[in-house]
Each structure stands twice: as C-alpha cells, then as structure tokens.
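No gaps in the numbering here: position 354 of the sequence shown is 398 in the working numbering, and each next residue is one more. First up is the structure itself, then whatever we jot down about it.
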Amino acid sequence: MPASKHLSLRNLPANTPYSLRNLRLPQVTVSRLKLPQVGDGLVGVDLVIDRGEIKHIAPADRGETLAHDVDLAQAIVWPCPIDCHTHLDKGQVWPRSPNTDGTFNGAGTRASAESARPAYLEDLSSRVDFSLRATYAYGTRAVRSHVDSNRQNFDRSFNQLEALASNWAGRMMLQLCPFADIADDRDWLSHLAEHAARPFAGVLSSFVYDIPDLDAQLDLVMDLANQRGLALDFHADENLNPESHCLRAIARAVRRNRFEGSVLVGHCCALSVQAPDDVAQTLDLVAEAGVGIVALPLCNAYLMDRHSGKTPRSRGVAPVHEARSRGIDVALASDNTRDAYYAYGDLDLADLFRDAIRMMQLDHPVGDWPASVTTTAAKLMGYAELGSIRENGPADLVIFESRNWSEFVARPQSNRIVLRAGQSIDTTLPNFSELDCLQEFSI
C-alpha cells in the first residue's frame with residue numbers, strides 16, 4: 045500500500061471513531077452478514093472502529109463518513125489468525141540440536157537428547173518468549189502449544205510456560221497442552237491430565253500410534269479427560285504406512301465413549317497413501333464423531349519420504365479437501381519451528397497459508413479456506429469469540445497490501461500492518477542474534 049496509507053494507519057486515533065474504507069474481507073470471517081461479493085470468497089467492506097472495537101460493518105463505500113478515514117484501496121484484511129498446533133517448548137534449538145539427516149526417526153532421537161540437556165530448561169522461557177514475539181508481530185492472536193512430557197522436567201517446564209502464558213495474557217492467548225505418549229501408564233496420564241486442568245490449559249494431548257491395546261488406552265485418555273472436562277488433541281498417523289489407521293481408531297473411541305468434549309487430530313499423513321475407499325471409510329467415521337483435523341503441511345513435507353539421494357514422492361499431505369467436503373472442521377497450523385522436526389519456520393500464519401494454497405491446491409477458488417487459520421482454528425481451540433470480524437468485537441486485524449489471492453500468494457506480505465484494539469503495533473521481528481547467547485549455540 046502507498047506510504048501515505050502506512051502513515052495514516054500508524055497514527056490512528058485511540059479515543060475517537062475512525063473508518064477503514066474500501067477493504068476486502070474473507071466472507072467466511074463475517075459469514076453472518078450479507079455483503080457484496082468481489083470475487084473468490086472476498087467481500088467489499090467499510091469498518092467503523094471506536095475505542096478498540098468494531099462498531100459498524102457496512103458494504104464498501106456505504107459506511108459512515110468520519111473525520112478520520114483511511115481508504116485501504118481494496119486491501120485484503122484478516123482477523124488476527126489463530127495457530128492451533130505448535131511445539132513452542134521444543135523450538136529455536138536448531139543451532140545446537142540439528143537433525144542432520146532430516147528424517148522423522150532422526151528428529152525423535154535429537155529431540156529426546158535436546159530435552160535431556162540442562163540448557164533445555166534453563167533457556168526455555170527465553171526461547172518461547174522469542175517465538176511469541178515473532179508470531180505476535182505477524183499478527184497471531186492465539187496459539188495452542190503441546191508441552192513435552194519428559195518425566196524428569198515436565199513439571200518445571202510446564203510451570204515456566206504457565207508463567208509466560210500469564211505474562212502474555214491480553215496480547216496472546218497461549219493454550220498449553222500436556223503431551224503424552226498413548227502408551228503411558230495411568231498414573232502418568234493422570235498427572236498430565238491434572239496439569240491440563242489448570243489455567244491456560246484445558247486440553248490433554250497425546251501421540252497416537254499402533255499399539256496392541258490402543259483402544260483401551262484411548263478409552264483411558266477419554267475417561268481422564270471426561271472426569272476433568274478437558275478437550276483432547278491427538279497426533280495420529282504421522283507416517284506413510286497405508287496400514288496405519290489411528291485416526292479411525294480415535295473416531296471410533298469418541299463414539300464408543302460418548303465423549304462430548306472437543307477433539308482435534310493432527311497430521312493424518314498416512315491417509316495420503318491409503319486406498320480411496322479406506323480414506324472414505326475413515327473420514328465418514330470422523331465426520332460422524334464430530335472430530336476436527338489440523339493439517340501441518342510444512343513440517344510433514346519436510347519429514348515425509350526423506351531418503352538421502354532420493355527425490356520425495358509422497359509428502360504426507362492430509363486429505364483436507366475430502367475431509368471438508370464431509371463437513372469436517374479443517375485447520376492449518378505451524379507445528380514445529382527451528383528444531384529437529386522442522387529446521388525452518390517462524391510462526392507466520394499468512395506465510396503458512398500461502399504455502400498451503402500452493403502445496404494443497406486450496407485455490408480456484410480459495411473460497412472459505414481462510415477459515416482454516418481464523419474462524420475454524422479458533423473454534424477448534426474453544427475460542428469461538430476469536431478469528432472473526434463482528435460488530436462490537438475487538439478491532440484485532442491484519443492489513444495486507446494484496447487485493448486478491450493471486451497477489452497475496454505471489455509476495456511475502458512482509459509489509460503488513462497489524463492492529464490490536466484498533467491501534468497499530470510494532471511489527472519488528474526479534475533478531476535471531478538474540479539467541480546467540482544461549483548455551484551451546486553456534487551460527
């Protein structure tokens with residue numbers, strides 16, 4: 045957008061109304077209002093903002109004229125997006141714990157060794173705060189983060205993350221999920237469930253894989269969650285084995301246990317190599333059980349089908365089109381960041397969405413797919429009040445220069461403007477050199 049627009053948006057009045065004119069919103073983020081379509085799921089809108097809230101939403105060029113108006117020249121605007129699957133505690137350790145072969149097995153080995161280092165706990169708060177500052181600058185409003193359940197350091201790790209969640213409250217909703225192995229014993233699962241019932245949590249998560257007593261362990265996890273009113277979040281089928289049917293087992297367990305809490309399942313990579321009839325059977329069960337799916341395309345494409353000297357054929361992309369056609373809630377999320385499971389990433393959901401459009405063909409039309417990082421992601425986290433644009437709701441917005449999805453995907457959106465409570469924030473990213481002082485780091 046022109047420099048004059050940047051200047052105006054950087055100096056918005058705090059205590060008097062102003063209007064943002066001639067902007068374009070994804071219709072799915074304002075779905076209860078009838079607004080003029082401008083193409084590919086976008087609607088033309090004027091907004092009136094007063095004291096941090098959106099007071100009026102009107103069709104473009106029909107809103108109230110105010111003393112302070114900014115013409116956004118058809119710029120795309122999002123509600124602040126929602127990241128419903130991350131591992132912040134593991135992140136930002138690549139300089140000292142690289143996964144030198146890039147494989148899933150290599151990631152597990154390196155991550156286990158990293159979490160056993162004394163430095164892992166000593167710099168945990170610094171690393172997570174760095175990641176939160178980055179994603180805040182990109183415009184994110186809420187983050188769900190799975191908390192590694194290494195038995196030696198889990199309690200201390202969780203306490204540090206709770207303190208960070210409290211410190212960030214009001215700027216970022218950090219939702220913590222104690223992360224279990226589905227094969228863990230009842231006592232340890234109960235311990236994690238107790239932590240999941242604490243403030244800034246509410247969710248118990250588990251890594252699910254094929255074990256002989258999988259159904260019994262799923263029943264146990266659901267019983268522990270039911271007792272405490274918890275939501276559940278599973279990692280499942282994170283492989284390219286066509287015989288892996290953990291998502292199917294989870295859906296059946298939800299129905300068998302009459303589990304009424306929210307259930308979200310991430311990864312679902314194995315479905316990408318299964319026969320269409322197998323996939324259809326699984327997704328039908330998922331739809332009937334009311335289970336949501338979160339795809340993690342960047343991390344999974346990084347890990348899946350990696351063999352030295354061989355070009356990958358299978359990238360582990362979850363069947364999001366088939367899932368959504370059945371009415372299943374589908375989200376996209378960041379997953380790991382600069383650790384053994386993913387060497388890259390910066391918790392930028394706009395960048396993730398651009399890559400997902402290209403990788404997963406979420407285009408022609410893009411249509412309602414922006415919901416995957418806004419309204420749907422918020423719903424799956426239990427934050428229905430977030431991820432949408434509504435009258436009397438917070439003026440938490442991300443303003444891009446792009447006017448259509450072709451422009452949006454073509455360029456990195458580095459010059460976006462982020463409004464929180466109607467005021468622009470500093471979008472300067474933390475410098476990676478800040479992490480150089482952490483133990484055993486090398487550039």
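Every residue, glycine too, gets a C-beta built ideally from N, C-alpha and C.
Among the options, the one whose alpha carbon lies nearest that of residue i
i, options, result
"Met348", "Asn285, His131 and Ser416", "Asn285"
"Asn270", "Asp225, Val307, Pro80 and Asp127", "Val307"
"Ala482", "Arg95, Gly135 and Lys78", "Looking at the sequence shown, residue 482 is not Ala but Leu. Ranking the options by Cα distance to Leu482, first place goes to Gly135."
"Phe278", "Asp379, Arg302 and Cys124", "Asp379"
"Arg296", "Leu327, Glu287 and Val317", "Leu327"
"Gly146", "Pro474, Ala387 and Asp407", "Ala387"
"Ala163", "Arg140, Thr144 and Ser432", "Arg140"
C-alpha gap between residue i and residue j, whole angstroms
i, j, result
"Asp133", "Ala362", "25 Å"
"Ser189", "Thr109", "43 Å"
"Gly426", "Gly353", "44 Å"
"Asp173", "Ala240", "21 Å"
"Gln204", "Arg171", "11 Å"
"Leu262", "Gly334", "16 Å"
"Pro456", "Leu393", "11 Å"
"Ala507", "Pro243", "Limits of the chain in this structure are 45 at one end and 487 at the other, which puts residue 507 out of reach."
"Ser369", "His311", "18 Å"
"Leu51", "Asp115", "In this predicted model, Leu51 has a pLDDT of only 49, less than 50, meaning its place in the structure is not dependable enough to derive any value."
"Tyr385", "Arg54", "38 Å"
"Asp383", "Leu441", "30 Å"
"Asp229", "Pro103", "57 Å"
"Phe198", "Glu158", "14 Å"
"Cys343", "Asn301", "32 Å"
"Thr472", "Ala319", "47 Å"
"Gly411", "Leu315", "24 Å"
Beta-bridge partners of residue i, as assigned by DSSP
i, result
"Trp122", "Val442"
"Cys221", "His190"
"Tyr62", "Ile93"
"Ala375", "Val338"
"Gln467", "Arg464"
"Thr130", "Ser189 and Asp379"
"Ala102", "Asp90"
"Gly83", "Leu86"
"Arg455", "According to DSSP, which records beta bridges pairwise, Arg455 is partnered with nothing at all."
"Leu391", "DSSP output for Leu391 lists no bridge partner at all."
heavy atom of the ligand GDP below 6 Å from residue i C-beta
i, result
"Leu176", "As far as ligands go, the structure on display features none, and thus does not contain the ligand GDP."
First through last residue of the beta strand (DSSP E) which encompasses residue i
i, result
"Asp115", "Asp113 to Asp115"
"Leu308", "Val307 to His311"
Where the alpha helix (DSSP H) through residue i begins and ends
i, result
"His235", "Arg230 to Ala240"
"Val323", "Pro320 to Ala333"
"Val364", "Val364 to Ser369"
"Leu424", "Thr419 to Leu424"
Going along the chain, which unbroken runs of the alpha helix (DSSP H) with 4 or more residues stay wholly within the stretch 251-298?
-> 258-272
Would you list, in sequence order, the uninterrupted beta strand (DSSP E) runs of no fewer than 3 residues that lie entirely inside the stretch 147-179?
-> none
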